[in-house]
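Residue numbers (the numbering used here): 620 to 899. Cβ coordinates follow ideal geometry from the N, Cα and C atoms, glycine included. Keep in mind the model is a prediction, meaning the values are calculated, not measured. Each remark here refers to the structure printed beneath this line.
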């Protein structure tokens, strides 16, 4: 299996600096990603009391509707004074199957789980106050626009893509579209738009079904064991408790334990659409 190169060094101080910037930096709204289902704002973020700098939103950017040219994220690591995505809770559209006002918290929880397991498939993301009230804030990724995202989504030899498939099974991602894949030029893969994750009922909808029923690789089992240990030592559960309900956290624990017990990728649900629409 091909091993993608990391887009950023394993630098906890650098990641923490990015999180600190997201949490306390000055947000200046530069534009809106108009294709997004919910209010998704492209911002410049600068250190408190520091510098800013206007920038035009990238052409073709997307909050989940079609393949984006760029999206929020790390991209190895974005320097202070650069860009982020801000999704205010006030801009969330009501959904029949997710409680109103909870999508931002689910996006932050997805980052927390990805970080705990060591997958690093979600860019640094925080909950913070902003110009339109509380919401999630995520660093921006300029993804590799030369990459064929449809071809990428069908690969079976990309370790990072398989990590994402396992991550999606853990967080019960109900909307993994092709356009939510964010490959960067050095080979690392991120994903975005995790607002409809962590439902208690099985709702996995994804374009990454190529490993269904296949034995989980050793790297996935190691990540799941790390995550399981942290979910059971109390610290990670406490961190997630401000973002998810007790029932949603308990269901996440069960999904992790089930994957470790059976050691196979899950199959599509029988009573739920297996692929999001549109798939891109």
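**OP:** Would you kindly work out how many angstroms separate the C-alpha atoms of residue 737 and residue 817, rounded to a whole number?
**Re:** 18 Å
Subject >> Residue range of the beta strand (DSSP E) that includes residue 661 >> reply: 660-665
Original post:
What residue does the beta strand (DSSP E) around residue 725 start on, and which one ends it?
Top reply: Here residue 725 belongs to no beta strand (DSSP E); instead the alpha helix (DSSP H) covers 722-736.
Original post:
How many angstroms separate the CA atom of residue 734 from the CA atom of residue 650?
Top reply: 29 Å
Original post:
Under three-state DSSP, which class holds residue 800?
Top reply: strand
Original post:
Looking at C-beta atoms only, is the number of pairs between the segment 772-791 and the segment 848-862 that lie closer than 8 Å three or more?
Top reply: no
Original post:
Is DSSP giving residue 824 helix, strand or coil here?
Top reply: coil
Subject >> residue 783 - containing beta strand (DSSP E), residue span >> reply: Here residue 783 belongs to no beta strand (DSSP E); instead the alpha helix (DSSP H) covers 778-790.
**OP:** Closer than 8 Å by C-beta to residue 658: which residues in its own chain qualify, once you throw out the five before and the five after it? Chain order, please.
**Re:** 651, 706, 707, 709, 710, 711 and 751
Original post:
Would you call residue 784 buried or exposed, if buried means 16 or more other Cβ atoms sit within 10 Å of its Cβ?
Top reply: buried
Subject >> residue 826 beta carbon less than 8 Å from that of residue 772 >> reply: yes
Original post:
Would the beta-carbon of residue 742 fall within 8 Å of that of residue 831?
Top reply: no
Subject >> Between the CA atoms of residue 715 and residue 654 - distance to the nearest angstrom >> reply: 21 Å
Original post:
Just how far apart, CA to CA, sit residue 766 and residue 802?
Top reply: 7 Å
**OP:** Give the DSSP bridge partners of residue 702, in chain order.
**Re:** 663
**OP:** Report the option in 799, 748 and 758 whose CA atom is closest to the CA atom of residue 638.
**Re:** 758
Original post:
In its own chain, which residues sit with a C-beta less than 8 Å from the C-beta of residue 875, not counting the 5 before and 5 after it?
Top reply: 789, 843, 846, 847 and 850
Subject >> Coil, strand or helix - residue 875 by DSSP >> reply: helix
**OP:** Could you spell out where the beta strand (DSSP E) holding residue 647 opens and where it closes?
**Re:** 645-651
Original post:
Going by Cα to Cα distance, which pick from 702, 794, 745 and 800 is closest to residue 764?
Top reply: 800
**OP:** Compare the C-alpha of residue 642 against each of 824, 749 and 740 and name the closest.
**Re:** 749
**OP:** Closer than 6 Å by C-beta to residue 885: which residues in its own chain qualify, once you throw out the five before and the five after it? Chain order, please.
**Re:** 788
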